[in-house]
Amino acid sequence: MEQQLDDSNKILHLNFSPDFTTYTCATEQEINFYTTDFNIQYYNNKLNGGVDRLEKMENSNIIALTGGGVQPKFKENKLIILNDYKTNSITELSFKTPIINFKLAFDKLIVIEKYKICIYQLEDLKLLMIINTSENAKGLFTINDNLINVSNRTYKNNSNNESDIINLNNGFNHMILAYPHDIQGSVNIYNYDTKQQMSIKAHQQQIQIIQLCSSGFKIATASKEAAFIRIFNTQNGELLHELRRGFETEKINSINFNRTGSLLCLASRNGQIQIFGIKNTVQEFEFQKYLEEQMLLSTKNQEDEEQNQKSEIQIDLPYFKNPTSLFKKGELNLAFCTINEKAYIAGFGPELYTLIAITYTGKYYKFQFDPNEQEQECGIVCEEYFFSKSNYK
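According to the UniProt record's numbering, the residues represented by the sequence shown are 1 to 393, in order.
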């Protein structure tokens, strides 16, 4: 029998961390952090008030939140910043209009209001820039994350050959912002570092969702109809891929790239999650190769540990011999899965070729797929509730 969440602690917001190693959950009463690999809660703060948006700065103790729900903990025009997971705030920012969305990325805080975007230096909350926008009532906005603090680093392969050194100083650390253009169906792309701006005519209809990949070189868009997901090169506006979602109009809950930008998962309100393999741009391919080698190594090291975890269902998949060569020819409709949920988000897990879905009913799903196959149904690894029993009726 399906359990139902108590209305007094209804989930208001779910969000993955940029590297998909953790996810956050904000409710009518508290905020929680979980690991995505084993669904383990590692932080809880009972605020006795509603929070409708929650962000954690990657690799830091900085979290930011806004009030919401039936009994908001904070006013809708205030943004609260906490440190060290304590209830006492570092500071708060007040705005003349309600905060619709915000992001923590690089060393910046980006706040989205209905008609403008404010960019702050996170360290001292100095206002760096205001971008005036057309009406953005839904707060549509996306920013690439600080993919690596490796813009000046080099990495060696397993061999000792100097020619095998990978230099990652290829502009991955540029901060790219995207938000709706005043022309219906168009998206503004803004490079904060170079101050260059361009617009892309992505769709004829109104845009319902946009998502940048980690490097910022690609952006995925979907219109209100959402028959197609389109992926563009953010440097020149070129249409790279057009992915068929379906034929009926559908609400898109989330679109997420994997860390290397070679995979995309699409979560629809009808409960279907689709996974596509995507050819990377030339700039991303070198970094993709390095990351996938590291992820394969990490997966191998964690294999024995994972078998002893909570999962009751185990599946066996073949060894992935050459993952970096799988998607060179373009896009592939790799896999799909369906859950009996409408309100949820989905993203790629930290383990190679895993998919995580978290729902507003408090459920956690983990799937695994084989990148060597096409149009396969994902194998389910784990399905469980992430809230304690006391939160359910």
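Glycine included, C-beta positions come from ideal geometry on N, C-alpha and C.
(request) Return the CA-CA distance between Lys78 and Lys138, expressed in angstroms with no decimal places. (result) 17 Å
(message) Please report the straight-line C-alpha distance between Ile63 and Leu82, rounded to a whole angstrom.
(response) 5 Å
(message) Could you pull the DSSP bridge partners for Ser262 from this structure?
(response) Bridge partners of Ser262: none, in fact.
(request) Assign Asn157 to one of three DSSP states: helix, strand, or coil. (result) Confidence in Asn157 is poor, its pLDDT being 36 and thus under 50, which makes the residue's placement too unreliable to answer from.
(request) Could you name each continuous beta strand (DSSP E) segment of 3 residues or more that falls completely within the stretch 14–68, going from the start of the chain to the end? (result) 22–27, 30–35, 41–46, 51–56, 62–67
(message) Please report the straight-line C-alpha distance between Ile209 and Ile219, rounded to a whole angstrom.
(response) 10 Å
(request) Along the beta strand (DSSP E) that carries Lys78, what are the first and last residues, could you check? (result) 78–83
(message) Between His13, Lys126, Thr24, which has its C-alpha nearest Thr91's C-alpha?
(response) Lys126
(request) Just tell me which of Phe20, Leu5, Leu54 has its CA closest to the CA of Ser214. (result) Phe20
(request) Assign Asn132 to one of three DSSP states: helix, strand, or coil. (result) strand
(request) Please name the residue or residues paired with Ile219 in a DSSP beta bridge. (result) Leu212, Phe232
(request) State buried or exposed for Asn253, treating a residue as buried only when at least 16 other CB atoms are found within 10 Å of its CB. (result) buried
(request) Give a yes or no on contact between the stretch 268–276 and the stretch 27–37, applying the rule of three or more CB pairs nearer than 8 Å. (result) no
(message) Let me check one thing: in DSSP terms, what residues is Gly347 bridge-paired to?
(response) Ile356
(request) Between the Cα of Pro98 and those of Asp107, Arg53, Ala105, spot the shortest distance and give me the residue it belongs to. (result) Arg53
(request) Using alpha carbons as the reference points, say which of Thr142, Asn136, Lys96 lies closest to Ile110. (result) Thr142
(message) Measuring CB atoms only, is the stretch 45–60 touching the stretch 358–369, in the sense that at least three cross pairs come out at less than 8 Å?
(response) no
(request) Specify whether the stretch 191–206 and the stretch 257–265 touch according to this definition: at least 3 beta carbon pairs, one from each stretch, less than 8 Å apart. (result) no
(request) Compute the beta-carbon to beta-carbon distance between Phe217 and Asn236, rounded to the nearest angstrom, for a pair I have assumed lies under 8 Å. (result) Incorrect: roughly 10 Å between the Cβ atoms, too far for contact.
(request) Can you tell me which of Gly67, Ile183, Ala346 puts its alpha carbon nearest to the alpha carbon of Glu28? (result) Gly67
(request) Use the C-beta contact count for Met175: other C-beta atoms within 10 angstroms, 16 or more gives buried, fewer gives exposed. (result) buried
(request) Can you tell me which of the three DSSP states Ser94 falls into? (result) strand
(request) Return yes when the Cβ of Glu30 is within less than 9 Å of the Cβ of Lys46, no when it is not. (result) yes
(message) By the three-class DSSP mapping on this structure, what secondary structure does Ser388 have?
(response) coil
(message) Can you find the residues in the same chain that come closer than 7 Å, C-beta to C-beta, to Asn44, ignoring five residues on each side of it along the sequence?
(response) Glu30, Asn32
(request) Work out the CA separation of Phe336 and Leu177 for me, nearest whole Å. (result) 30 Å
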